[in-house]
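Residue numbers (UniProt numbering): 1 to 256.
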């Protein structure tokens with residue numbers, strides 16, 4: 001719902017480009033989700049709820065810079081790319097990069113927002129439709145806002161490259177702004193509390209810092225490695241009788 005507010009509310013009116021922005025948001029997000037799940041199945045043998053969620057997020061983020069200024073077919077392409085490129089950076093590049101391994105990014109924000117957002121900004125420069133830009137910005141010279149793809153087909157390469165340059169400049173500006181402001185905030189926070197916990201505390205998790213577990217159902221759906229878990233699994237598969245199961249769980253002598 002928040003992204004419908006971002007994208008559909010940008011024109012500040014109930015207009016054609018507002019409805020198109022909402023539609024493109026759905027299309028790009030759905031395509032990104034399906035692409036991410038397809039790659040999960042292809043390389044890991046099964047889909048996952050986390051993968052579906054990550055695919056939706058990358059699709060939403062990628063679509064935001066271009067929601068109201070691209071056609072539906074472009075939103076489909078953007079969804080395919082937002083479901084594959086961030087997937088690669090998260091699942092492959094992150095595991096191979098020594099630098100990224102040292103970054104404590106539990107929520108994968110770098111991949112779902114930095115990579116997907118930059119990708120969306122670049123693709124907006126490729127697929128921006130001059131007619132939709134006219135509706136969105138209300139400018140008389142709609143050809144002044146032309147994506148590179150339309151510039152190639154309309155023989156207006158100069159304007160297309162100009163728009164791409166504007167997009168790249170905007171991405172660089174946002175990166176520098178975020179790096180600067182975030183660094184200042186982190187330096188101020190470091191004066192009060194450490195920015196990073198010890199390795200031992202990181203291994204234990206929330207219980208080491210807060211004295212409680214954040215998610216009570218954290219083990220649901222995971223394979224139990226404890227003796228009790230193995231006993232439960234065996235009982236479920238009818239490998240152990242009930243009496244042996246109780247004995248393995250309690251480690252106490254049975255009372256006849």
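Ideal Cβ positions, reconstructed from N, Cα and C, are used throughout, including at glycine.
Just so we're clear, the structure is a prediction, and the values are computed from it rather than from any experiment.
- When DSSP states are grouped into helix, strand and coil, residue 65 belongs to the helix group.
- In the three-state scheme derived from DSSP, where H, G and I count as helix and E and B as strand, residue 200 is classed as helix.
- Measuring C-alpha to C-alpha distances from residue 53 to each of 94, 195, 178 and 34 identifies 34 as the nearest.
- Taking a C-beta distance under 8 Å as the contact criterion, residue 68 and residue 28 do not qualify as a contact pair.
- Taking the Cα positions, residue 176 is about 17 Å away from residue 165.
- Collapsing the DSSP output to three states places residue 86 in a helix.
- For residue 130, the enclosing alpha helix (DSSP H) has its first and last residue at 130-137.
- Under the 10 Å beta carbon count, residue 36 is surrounded by 16 or more other beta carbons and is classified as buried.
- Per DSSP, reduced to three states, the secondary structure at residue 103 is coil, with no helix or strand assignment.
- Judged by DSSP secondary structure, residue 38 falls within the alpha helix (DSSP H) whose first and last residues are 16-44.
- Residues 101 of the same chain have their beta carbon placed closer than 8 Å to that of residue 95, with the five preceding and five following residues left out of the count.
- Counted as a single uninterrupted DSSP element, the alpha helix (DSSP H) harbouring residue 188 occupies residues 157-190.
- With distances taken between CA atoms, residue 116 lies nearest to 88 out of 92, 70, 88 and 99.
- If you draw a straight line from the Cα of residue 129 to the Cα of residue 16, it is about 14 Å long.
- The straight-line gap separating the alpha-carbon atoms of residue 90 and residue 31 is approximately 18 Å.
- Separation of residue 171 and residue 56 (C-alpha to C-alpha, rounded to the nearest whole angstrom) is 22 Å.
- Residue state for residue 208 is assigned as helix, using DSSP reduced to three classes.
- Taking a C-beta distance under 8 Å as the contact criterion, residue 126 and residue 99 do not qualify as a contact pair.
- Under the DSSP assignment, residue 7 falls in the alpha helix (DSSP H) whose first and last residues are 2-8.
- Residue environment: residue 191 is assigned as exposed (fewer than 16 neighbouring CB atoms within 10 Å of its CB, all protein chains considered).
- Annotation: the continuous alpha helix (DSSP H) that includes residue 119 extends over 116-127.
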